[in-house]
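Visitor:
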């Protein structure tokens, strides 16, 4: 029993070391030689993913003549040349495309935010314009009411002016009639006074006559 426990403990200690992960490198260096064979001089070591231009392919030797992007010409093993980029370069290209998409997305988000701001500004302007229109409509209605009241006041003013003119005419008529009546009273007073004077003179002339006759009769 004790031996089994020790064995299990040992296995538990060994398993983590066995289960530890490792990765195989995809980095490759390809010799660019001066001729189509291993006996020729190495001009440069090309890293995997390097771009070259194919000039000639020698099937017998298994080598191809190429030119690097720096203009260096030489021979490399044909089987290590691919028509498409390697996985690592594809990953780089994919990452570049992803970065470009992210940049485009950021730009679109910025444009979207700006468009939202402009829309909000337009909505505010529309609201202000609507408020202004409502205020103008209220002011116009107020002006209409004032105009209607002004028309009514003008009509009433005309009526009052006509009534005032009629009253003035009546007043002038009454005044003239009053003056006429006053003048008639003065004439009547003169006539009465004159008649009284004449009556007094007549009585003054008549009474002595009557008194003389009475004296004569008594004598």
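In the numbering used here, the protein residues as written are 266 to 484. Even glycine gets a Cβ: it sits at the ideal position worked out from N, Cα and C.
Quick one: using the 10 Å Cβ neighbour count with 16 as the cut-off for buried, is residue 339 buried or exposed?
Guide: Here residue 339 refers to the residue found at position 74 of the chain shown. By the neighbour-count rule (16 or more Cβ atoms within 10 Å), residue 339 is buried.
Visitor: List the residues that DSSP assigns as beta-bridge partners of residue 374.
Guide: As a working note, residue 374 is residue 109 in the chain shown. Bridge partners of residue 374: none, in fact.
Visitor: Does the region 366-376 touch the region 330-338, meaning 3 or more C-beta pairs lie closer than 8 angstroms?
Guide: no
Visitor: What three-state label does DSSP hand residue 324 in the structure shown?
Guide: Here the question's residue 324 lines up with position 59 in the chain shown. Three-state result, residue 324: coil.
Visitor: In chain order, what residues of the same chain have a beta carbon less than 7 angstroms from the beta carbon of residue 408, not counting five sequence neighbours either side?
Guide: Counting from one through the chain shown, the residue named residue 408 turns up at place 143. No residues qualify anywhere along the chain.
Visitor: In whole angstroms, give me the CA-to-CA distance for residue 332 and residue 373.
Guide: Here residue 332 corresponds to residue number 67 of the chain shown, with the count starting at 1. Here residue 373 corresponds to residue number 108 of the chain shown, with the count starting at 1. When rounded, the distance between both Cα atoms is 42 angstroms.
Visitor: What is the rounded straight-line gap between the Cα of residue 289 and the Cα of residue 313?
Guide: The residue labelled residue 289 in the question sits at position 24 within the chain shown. The residue labelled residue 313 in the question sits at position 48 within the chain shown. Because the pLDDT at residue 289 is just 46, under 50, the model does not fix this residue reliably, and the value given afterwards should be weighed accordingly. Approximately 14 angstroms between the Cα atoms of the pair.
Visitor: Around the Cβ of residue 389, are there at least 16 other Cβ atoms within 10 angstroms (buried) or fewer (exposed)?
Guide: For the purposes of this step, residue 389 is identified with residue 124 of the chain shown, where counting begins at 1. The residue in question, residue 389, is exposed, as its Cβ has fewer than 16 Cβ neighbours within 10 Å.
Visitor: Does DSSP classify residue 302 as helix, strand or coil?
Guide: As a working note, residue 302 is residue 37 in the chain shown. The answer is coil: DSSP assigns residue 302 none of H, G, I, E or B.
Visitor: Count the other CB atoms, across all protein chains shown, that sit within 10 Å of the CB of residue 311; report buried if there are 16 or more and exposed otherwise.
Guide: As a working note, residue 311 is residue 46 in the chain shown. Residue 311 comes out buried.
Visitor: Between the Cα of residue 315 and those of 349, 375 and 403, spot the shortest distance and give me the residue it belongs to.
Guide: For the purposes of this step, residue 315 is taken as the residue at position 50 of the chain shown. For residue 315, the nearest C-alpha among the options comes from 349.
Visitor: For the beta strand (DSSP E) containing residue 338, list its first residue and its last residue.
Guide: Locating residue 338 in the chain shown gives position 73, where the first residue counts as 1. 338-342 is the extent of the beta strand (DSSP E) around residue 338.
Visitor: What does residue 330 pair with, by DSSP beta-bridge criteria?
Guide: Taking the first residue of the chain shown as position 1, residue 330 is located at position 65. DSSP lists 321 and 340 as partners of residue 330.
Visitor: To the nearest whole angstrom, what separates the beta carbons of residue 309 and residue 297, a pair I think is in contact under 8 angstroms?
Guide: Stepping through the chain shown from its first residue, residue 309 is reached at position 44. Stepping through the chain shown from its first residue, residue 297 is reached at position 32. Confirmed, Cβ separation roughly 4 angstroms.
Visitor: DSSP three-state call for residue 550: helix, strand or coil?
Guide: Any answer about residue 550 is impossible in this case: the structure gives the chain only from 266 up to 484.
Visitor: So what's residue 468 in DSSP terms, helix, strand or just coil?
Guide: Stepping through the chain shown from its first residue, residue 468 is reached at position 203. In the structure shown, residue 468 sits in a helix (DSSP, three-state: H, G or I).
Visitor: Residue 409 by DSSP, collapsed to three states: which one?
Guide: For the purposes of this step, residue 409 is taken as the residue at position 144 of the chain shown. Per DSSP, reduced to three states, the secondary structure at residue 409 is helical.
Visitor: Using the DSSP secondary-structure output, state which residues sit across from residue 296 in a beta bridge.
Guide: For the purposes of this step, residue 296 is taken as residue 31 along the chain shown, with counting starting at 1. For residue 296, which the question treats as bridged, DSSP gives the partners 310.
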